[in-house]
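Reviewing the structure listed below.
Chains as they are written, first to last, in our numbering: chain P, 2 to 60; chain R, 183 to 881.
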């Protein structure tokens, strides 16, 4: 939690939310995510700090 | 005339909620844009007539995601809301939200409610509800959120009258908070409450956690009484945010439903094209190309028109007003000075037109996403793209546009390198020198050499900006918060009214902001050029008579007197005194005068040369160009404006920091004299060295 900026929480990226990876930018960074309806782009270094569980690998 | 005072209505909301559209709907063109004292944040106030003869001042506050400020724009919001004595302190707050992003937008709403200000929840973009399958339970939401709701569509103009009727009822609107945020650490907040029983608890919390100026409370006093480490405070802020979201989720479970089978996704299809690894860049560069093409093609005609109009005006003023100092001031100082400002309007307006269309449509965020990784190699951010593009109009708004870059180092580098981009003030300088030294011929049958040179100068500007950023990134040792969050808004058709108002406001700000300086310099310049010390200036006529053997015609005589005068005027003496420094660059004292006078604003260069070379009544560009073309260096017998000195001048103007306003903005934005001074020294030194090398190699 320490490394997650407050702004990210405020923009709707909260513990327990579902994250969908929509797109990866052409050179591998940043990531474009749909976090429970919030469409956000964040850099890999921030994304690394967010722990996720894989929900459905076949999708 | 009514004696009742206007009520204050503050518009608050996240970015991309259509807050500005609501503002425009409420106020029409009846708005004023100014600055908050001491800072460069835009202050937009409009006026609106409400039912029951009530009049309102509508204040459009900068967009913010929360009351935890991370930029000076956001600070403005907090400082106003914390200060009951501010004369704009709102009687009622309208929190504008987007129906599609209601959950996220409500976070700010719950914080505003904690400040116990009467608050109306404005749910915007209601026209999208059917399309997205969204339904709202308004009575439930009103009850849970302890507020009144106005469901509107600012794009379609739906619900605006109802909103106005609702604002009038503001004394009856609840000021009760909708959740109890102090539950995150009851002990701590209880202690706070006991120590400051007269203060609002949430206000105290904001004062403790942020860097805001709050007049009645000394932050250190509170902080010393309640020491918590920085990490502890941050953890509490995170807890607070999560608690607020829990509340919002609970409320929306009942009040807001989305039928996912209805929602069609246009966004993802467009995203896949616009952010494609090949097409994304192709489209972006095609758009850039289109912007530059149209700025030059479409602006040329109105610019020529303005130019000619002012030349005629000067001549008319000189012919019809009685002879004297005042007439000279008007015809040679003030009128050309105003013309020199107004000539930029077409280009600036076109550029802001494109930029506001790209921002309104949601495309700009996609560019940020595409460019971030590339820009980061040079120590910049994807968000630096917008300032660098805006810099081609003017570095001043461009530097202000860096505020949303979270990382201080990336932001600082962007501020420092933005003045290298070719701003519109360099254009008139480039235009006249290119016309003088680059032949109007075609290469490979299609490319015009003059056009090509201009394009190369633009590329040079961008290239130098990027390269300097790379160097600065290696040199500057700054550690900062390194995070980057961009919201990708849904695509929207830009609204004509919003774009038009934005273009008008930005252009006005430029004309009055930069205009004052340009005008002042023109007048000073005129004074220095039409006065001089000693007999050489004051007795110019006699000296010319004595020194000429053959009799001169009347025009020849006047020309000779005029050049004797300018050479011995204050400005002429200044030009002569710097000649040793600038002659290695290939410039004579007349160019020296132009360089000195354009020190505070580049565009003055052409005006100065016009003043110096305008003898008699020939105040149009063509004859000035011919005069410059014919100018010969008396020592070498060479043309003053030859290929080598021309290229040297172009390069000098490409690199030199000749803009007092940009330095002032850099000072304000970085809050230190160190950076503008560094900018000035570095850019000027680079300009001198490059221009010197170019002249010595080419001559």
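Glycine included, each C-beta is placed from N, C-alpha and C at the ideal position. Small disclaimer: the values here were computed from a predicted structure and weren't measured.
Whole angstroms is fine: what's the gap from residue 421 (chain R)'s alpha carbon to residue 697 (chain R)'s?
Position 239 of the second chain, counted from the first residue, corresponds to residue 421 (chain R). Position 515 of the second chain, counted from the first residue, corresponds to residue 697 (chain R). About 50 Å.
Any beta carbon of chain R sitting closer than 8 Å to that of residue 43 (chain P)?
Indexing the first chain from 1 puts residue 43 (chain P) at position 42. By this cut-off, residue 43 (chain P) is an interface position.
Only counting the same chain, and skipping five residues up and downstream in sequence, which positions put a Cβ closer than 8 Å to that of residue 358 (chain R)?
Indexing the second chain from 1 puts residue 358 (chain R) at position 176. Only 295, 298, 328 meet the Cβ criterion.
Would you kindly check if the distance between the Cβ of residue 190 (chain R) and the Cβ of residue 247 (chain R) is under 8 Å?
Sequence index remark: in the second chain, residue 247 (chain R) carries index 65 (1-based). Sequence index remark: in the second chain, residue 190 (chain R) carries index 8 (1-based). Against a cut-off of 8 Å, the Cβ pair of residue 190 (chain R) and residue 247 (chain R) comes out as no contact.
Can you tell me the Cα-Cα spacing of residue 798 (chain R) and residue 524 (chain R), whole angstroms?
What you label residue 798 (chain R) is simply residue 616 of the second chain in a count that begins at 1. What you label residue 524 (chain R) is simply residue 342 of the second chain in a count that begins at 1. With a pLDDT of only 40 at residue 798 (chain R), under the threshold of 50, the placement of this residue in the model should not be trusted; the figure read from the coordinates follows. If you take the alpha carbons of residue 798 (chain R) and residue 524 (chain R), they lie about 24 Å apart.
How long is the line joining the alpha carbons of residue 596 (chain R) and residue 572 (chain R), rounded to whole angstroms?
Within the second chain, residue 596 (chain R) is the residue found at index 414, counting from 1. Within the second chain, residue 572 (chain R) is the residue found at index 390, counting from 1. Computed Cα separation, rounded: 12 Å.
With three or more beta-carbon pairs closer than 8 Å as the criterion, would you say the stretch 608-619 of chain R touches the stretch 278-285 of chain R?
At 8 Å Cβ cutoff, the stretches do not touch.
Taking Cβ positions only, does residue 19 (chain P) come closer than 8 Å to chain R?
By one-based count along the first chain, residue 19 (chain P) stands at place 18. No, its Cβ sits nowhere closer than 8 Å to a Cβ of chain R.
Secondary structure at residue 458 (chain R), three-state DSSP: helix, strand or coil?
Translated into the one-based positions of the second chain, residue 458 (chain R) becomes position 276. Correct three-state label for residue 458 (chain R): coil.
So, are the CB atoms of residue 751 (chain R) and residue 713 (chain R) less than 8 Å apart?
In the second chain, residue 751 (chain R) corresponds to position 569, counting from 1. In the second chain, residue 713 (chain R) corresponds to position 531, counting from 1. Result yes, Cβ atoms of residue 751 (chain R) and residue 713 (chain R) sit closer than 8 Å.
CA-CA distance, residue 432 (chain R) and residue 29 (chain P)?
As a first step, residue 432 (chain R) must be located in the second chain, where it is residue number 250. As a first step, residue 29 (chain P) must be located in the first chain, where it is residue number 28. Whole-angstrom Cα-Cα distance: 37 Å.
Beta-carbon separation of residue 683 (chain R) and residue 206 (chain R) under 8 Å?
In the second chain, residue 683 (chain R) corresponds to position 501, counting from 1. In the second chain, residue 206 (chain R) corresponds to position 24, counting from 1. The answer is yes: Cβ separation under 8 Å.
Buried or exposed: which applies to residue 330 (chain R), given that a residue is buried once 16 or more other Cβ atoms fall within 10 Å of its Cβ?
Your numbering for residue 330 (chain R) matches position 148 in the second chain. When all chains shown are included, residue 330 (chain R) counts as buried.
Just checking, does the stretch 562-579 of chain R make contact with the stretch 619-637 of chain R on the three C-beta pairs under 8 Å criterion?
Taking 8 Å as the limit for Cβ pairs, the verdict is that the stretch 619-637 of chain R does not touch the stretch 562-579 of chain R.
Is it right to say residue 260 (chain R) is buried, meaning 16 or more other beta carbons lie within 10 angstroms of its own, or is it exposed?
Position 78 of the second chain, counting from 1, holds the residue named residue 260 (chain R). With 16 or more Cβ atoms within 10 Å of its Cβ, residue 260 (chain R) is classed as buried.
Here's the rule I'm using: 16 or more other beta-carbon atoms within 10 Å means buried, otherwise exposed. How should residue 801 (chain R) be labelled?
Along the second chain, read from residue 1 onward, the residue named residue 801 (chain R) stands at position 619. In this prediction, residue 801 (chain R) has a pLDDT of 43, which is less than 50 and means its spatial position is unreliable; what the coordinates show is noted afterwards. Label assigned to residue 801 (chain R): buried.
With a CB to CB cut of under 7 Å and the five nearest residues on each side skipped, what residues in its chain are close to residue 462 (chain R)?
One-based indexing of the second chain puts residue 462 (chain R) at position 280. Correct list, in chain order: 456, 552.
Using a Cβ cut-off of 8 Å, which residues of the stretch 428-443 of chain R contact any Cβ in chain P, in chain order?
none
What are the residues of the stretch 240-260 of chain R that lie near chain P, defined by any Cβ-Cβ distance shorter than 8 Å?
For the stretch 240-260 of chain R, the set of positions with a beta-carbon nearer than 8 Å to some beta-carbon of chain P reads 247, 248, 250, 252 in chain order.
Among the candidates P:8, P:40, P:17, P:54, whose CA atom is the shortest distance from the CA of residue 23 (chain P)?
Within the first chain, residue 23 (chain P) is the residue found at index 22, counting from 1. The candidate whose alpha carbon is nearest that of residue 23 (chain P) is P:40.
Pull up the distance between the alpha-carbon of residue 372 (chain R) and that of residue 655 (chain R), whole angstroms please.
For this step, residue 372 (chain R) is matched to residue 190 along the second chain. For this step, residue 655 (chain R) is matched to residue 473 along the second chain. Straight-line Cα distance between these residues: approximately 47 Å.
Please check if any C-beta of chain R sits within less than 8 Å of the C-beta of residue 26 (chain P).
For the purposes of this step, residue 26 (chain P) is identified with residue 25 of the first chain, where counting begins at 1. Closer than 8 Å: yes.
Since residue 24 (chain P) is in the beta strand (DSSP E), which residue starts that stretch and which ends it?
Taking the first residue of the first chain as position 1, residue 24 (chain P) is located at position 23. Unbroken beta strand (DSSP E) run through residue 24 (chain P): 20-25.
Can a CB atom of chain R be found closer than 8 Å to the CB of residue 22 (chain P)?
On the first chain, residue 22 (chain P) is found 21 positions in, with the first residue counted as 1. No - not a single Cβ of chain R is within 8 Å of the one on residue 22 (chain P).
If you follow the alpha helix (DSSP H) that residue 388 (chain R) is part of, which residue opens it and which one closes it?
As a position in the second chain, residue 388 (chain R) is number 206, starting the count at 1. Taken as a continuous stretch (DSSP letters only), the alpha helix (DSSP H) holding residue 388 (chain R) covers 383-391.
Kindly indicate if chain P contains any beta-carbon less than 8 Å away from that of residue 266 (chain R).
The sequence position of residue 266 (chain R) within the second chain is 84, counting from 1. Residue 266 (chain R) does not count as touching chain P.
Quick one: is residue 608 (chain R) buried, meaning 16 or more other Cβ sit within 10 Å of its Cβ, or exposed?
On the second chain, position 426 is the one that residue 608 (chain R) refers to. So residue 608 (chain R) counts as buried.
Quick one: what does DSSP say residue 301 (chain R) is sitting in, helix, strand or coil?
Residue 301 (chain R) sits at position 119 when you count from the first residue of the second chain. It is a strand residue.
Kindly indicate which three-state DSSP category residue 661 (chain R) falls into: helix, strand or coil?
On the second chain, residue 661 (chain R) is found 479 positions in, with the first residue counted as 1. Here residue 661 (chain R) sits in coil by DSSP.
According to the neighbour-count rule (16 or more other Cβ atoms, all chains shown, within 10 Å of its Cβ), is residue 660 (chain R) buried or exposed?
Indexing the second chain from 1 puts residue 660 (chain R) at position 478. Exposed, since its Cβ has fewer than 16 Cβ neighbours within 10 Å.
Let me confirm a value: residue 15 (chain P) is counted as buried when at least 16 other C-beta atoms fall within 10 Å, else exposed. Which label applies?
Along the first chain, one-based indexing puts residue 15 (chain P) at 14. Buried, because 16 or more other Cβ atoms sit within 10 Å of the Cβ of residue 15 (chain P).
So which residues of chain A does residue 551 (chain R) contact, with C-beta pairs closer than 7 Å?
This model lacks chain A altogether; the protein chains it does include are P and R.
Can you look up residue 242 (chain R) in the DSSP assignment and give me helix, strand or coil?
To locate residue 242 (chain R), count along the second chain from 1; it is residue 60. Three-state DSSP puts residue 242 (chain R) in a strand.
Could you give the C-beta distance for residue 196 (chain R) and residue 286 (chain R), rounded to a whole number, given that I count them as a contact under 8 Å?
Within the second chain, numbered from 1, the residue matching residue 196 (chain R) stands at position 14. Within the second chain, numbered from 1, the residue matching residue 286 (chain R) stands at position 104. Indeed, because the Cβ distance is near 7 Å, the residues count as touching under 8 Å.
Find the nearest neighbour of residue 237 (chain R) within the set R:452, R:603, R:228, judged by alpha-carbon distance.
Start at 1 with the first residue of the second chain, and residue 237 (chain R) comes out as number 55. Considering only alpha carbons, the answer is R:228.
Measure the C-alpha to C-alpha separation of residue 249 (chain R) and residue 26 (chain P) and round it to an integer number of angstroms.
The residue you call residue 249 (chain R) lines up with position 67 of the second chain. The residue you call residue 26 (chain P) lines up with position 25 of the first chain. Between residue 249 (chain R) and residue 26 (chain P), the C-alpha separation is close to 31 Å.
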